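Student: The structure follows.
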Amino acid sequence: MSVTISSKGEVLYCSISGEIDHHTAAHLRKKIDDATETLMPSLLVLDFSGVTFMDSSGIGLVMGRYRNMSKLGGKVHIGNPTPTVYKLMTLSGIERIATIDPVENTESYR
Amino acid sequence: MKLKNKFSLSFPSRSANESFARGSVAAFVAQLDPTLEEINDIKTSVSEAVTNCIVHAYKNEVGQIYIYCDIADDNTVRIKIRDKGCGIENIKQAMEPLFTTIGGERAGLGFAVMQSFSDNLKVNSKPGKGTTVTIFKKIMPRYTVNGKQ
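Protein chains in written order, with the working numbering: chain H, 2 to 111; chain A, 668 to 816.
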């Protein structure tokens, strides 16, 4: 599991790869939150295209980042979830707080 | 129902073992030639149950988690995930979506995900004694999925 972070203007782009569970989420959370505190973006993009497995810890990760971005007056977008990850996101209703973007939209933030 | 195969394992409730647990069950179930979706449903359910043992049952300690898995001759996989931790006071409440006793980064979706990703789910618990979660998932024979063997 790893996360590659880049920023462009007001956008913080986090490309996550590997498996997200309760164990790995703690590391992801710290890396993303450190970058958010430093760069104060208005949009946080979480690119899930490289995520090969996710349980509800991934939903918790998005919910927590949504809370942080709300305090900054910003938003969260979820990019490119694979079908298995998308199934869990749909079940959780996470799209009510974070927009799920197809690949072409997400790429434009890079 | 006659059993075709079974296995069991136990490991300490350390979060590094979450991937080991779901990977072990997935490797065992692979003999039934499941679809990617079926194997992912099983991995997700096991991951949720094992995480519950770590963050709830053994909240302030490291205890032992026991997994028993068997395959019936109709290709139904039964996975029992057991702990000897604190137990659940109110199972009905614990199974409500978004209910969580610890908040923070936990979404409160563990049981909802297990229910949704399995065919049947049973939870037995005694406060102070521990909890057993049993997940049932039937792996469809390939000929009924593709119209041929």
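We treat Cβ as the ideally placed atom computed from N, Cα and C, and that holds for glycine. The structure displayed is predicted, hence computed values, not measured ones.
Buried or exposed for H/R68, going by 16 or more other Cβ atoms inside 10 Å?
Tutor: Exposed.
Student: Return the residue from the list H/S57, H/A26, H/E11 that minimises the CA-CA distance to H/K76.
Tutor: Comparing Cα-Cα distances from H/K76 to each of H/S57, H/A26, H/E11, the minimum goes to H/E11.
Student: Classify H/E11 as helix, strand or coil using the three-state DSSP reduction.
Tutor: Correct three-state label for H/E11: coil.
Student: Any beta carbon from chain H within less than 8 Å of A/T711's own beta carbon?
Tutor: Chain H contact via Cβ: present.
Student: Do the CB positions of H/M55 and H/H28 come within less than 8 Å of each other?
Tutor: Contact flag unset, no.
Student: Hey, does H/D22 have any beta-carbon neighbour from chain A nearer than 8 Å?
Tutor: Closer than 8 Å: yes.
Student: Under a CB-based cut-off of 8 Å, is H/S109 close to chain B?
Tutor: Protein chains H and A are contained in the structure displayed, whereas chain B is not.
Student: So which residues of chain H does A/G777 contact, with C-beta pairs closer than 7 Å?
Tutor: Within 7 Å Cβ-Cβ: S57.
Student: For the candidate residues A/D708, A/L765, A/K726, A/L788, whose alpha-carbon lies nearest to that of A/S680?
Tutor: Closest by alpha carbon: A/K726.
Student: Along chain H, in chain order, which residues have C-beta atoms closer than 9 Å to that of A/V780?
Tutor: Within chain H, the residues near A/V780 are D56, S57, I60, L89, L92, S93.
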